[in-house]
Amino acid sequence: MIAIGSDHGGFELKTHIINHLKEKGLEIKDFGCYDENSVDYPDIAQAVAASITGGECENGILICGTGIGISIAANKINGIRAAHCHDVYSAEMTKRHNNANIICMGGRVVGRELAFMIVDAWLGAEFEGGRHQNRIDKIHALES
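All the letters of the sequence shown, read from the start, carry residue numbers 5 to 148 under my numbering.
Here's what the structure looks like:
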């Protein structure tokens, strides 16, 4: 299952991404927000991250106005590797090399069709392991 969440700045793009993923037959859990009223992105990032570290969801998508704040917040959670991506190549590589379990985008920065390509590239890529796993292990060692 894919966790998804946004603040008010990412609400519209989140709604489009949910529809895109549902059309592909993917199971989604929406952690809010549910309209364009102002919310604090750290709360949404924490909820999505907890669903991943707790095993409820496998991957997550987070969206705020720029994608920056929500990615910073998500990366404060042990076990989360949230990547802020605004292009297809970075999205693919962050899964292949960093095994990112959350991808973050800016609803005021990334257009709908590009967002679909970014999400599809990220979900379609596979972690390569090997030397990349060694690096991820070092990243997780920084958490303690």
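Note that beta-carbon positions come from the ideal geometry of N, C-alpha and C, so glycine has one too.
For residue 81, the nearest candidate out of 67, 98, 57 (CA to CA): Looking at the Cα atoms, 57 is the closest of the given residues.
Roughly how many whole angstroms lie between the Cα atoms of residue 5 and residue 60? Pairing residue 5 with residue 60, the inter-Cα distance amounts to about 7 Å.
Who does residue 7 pair with in a DSSP beta bridge? In DSSP, residue 7 forms a bridge with 33, 64.
Could you tell me if residue 143 is buried or exposed, where buried requires 16 or more neighbouring beta carbons within 10 angstroms of its beta carbon? Residue environment: residue 143 is assigned as exposed (fewer than 16 neighbouring CB atoms within 10 Å of its CB, all protein chains considered).
Top-ranked residue by Cα proximity to residue 102, from 129, 112, 122, 117: The residue with the shortest Cα to Cα distance from residue 102 is 129.
Could you give the DSSP three-state label for residue 129: helix, strand or coil? Here residue 129 sits in coil by DSSP.
Flag this pair as yes or no: are the beta carbons of residue 110 and residue 69 separated by less than 7 Å? Less than 7 Å divides the Cβ of residue 110 from the Cβ of residue 69.
Could you check if residue 99 is buried or exposed, using at least 16 other CB atoms within 10 Å of its CB as the buried criterion? By the beta-carbon neighbour count (other beta carbons within 10 angstroms, threshold 16), residue 99 is buried.
Rounded Cβ spacing between residue 28 and residue 7 (contact assumed at less than 8 Å): Not quite, the Cβ-Cβ distance comes to about 16 Å (not below 8 Å), so this is no contact.
Backbone secondary structure at residue 104 - three-state DSSP: Per DSSP, reduced to three states, the secondary structure at residue 104 is coil, with no helix or strand assignment.
Can you name, in chain order, every residue of its own chain whose Cβ lies under 6 Å from the Cβ of residue 42, other than the five neighbours on each side? Here residue 42 has 12 as same chain residues with Cβ atoms under 6 Å from its own Cβ, once five neighbours each way along the sequence are excluded.
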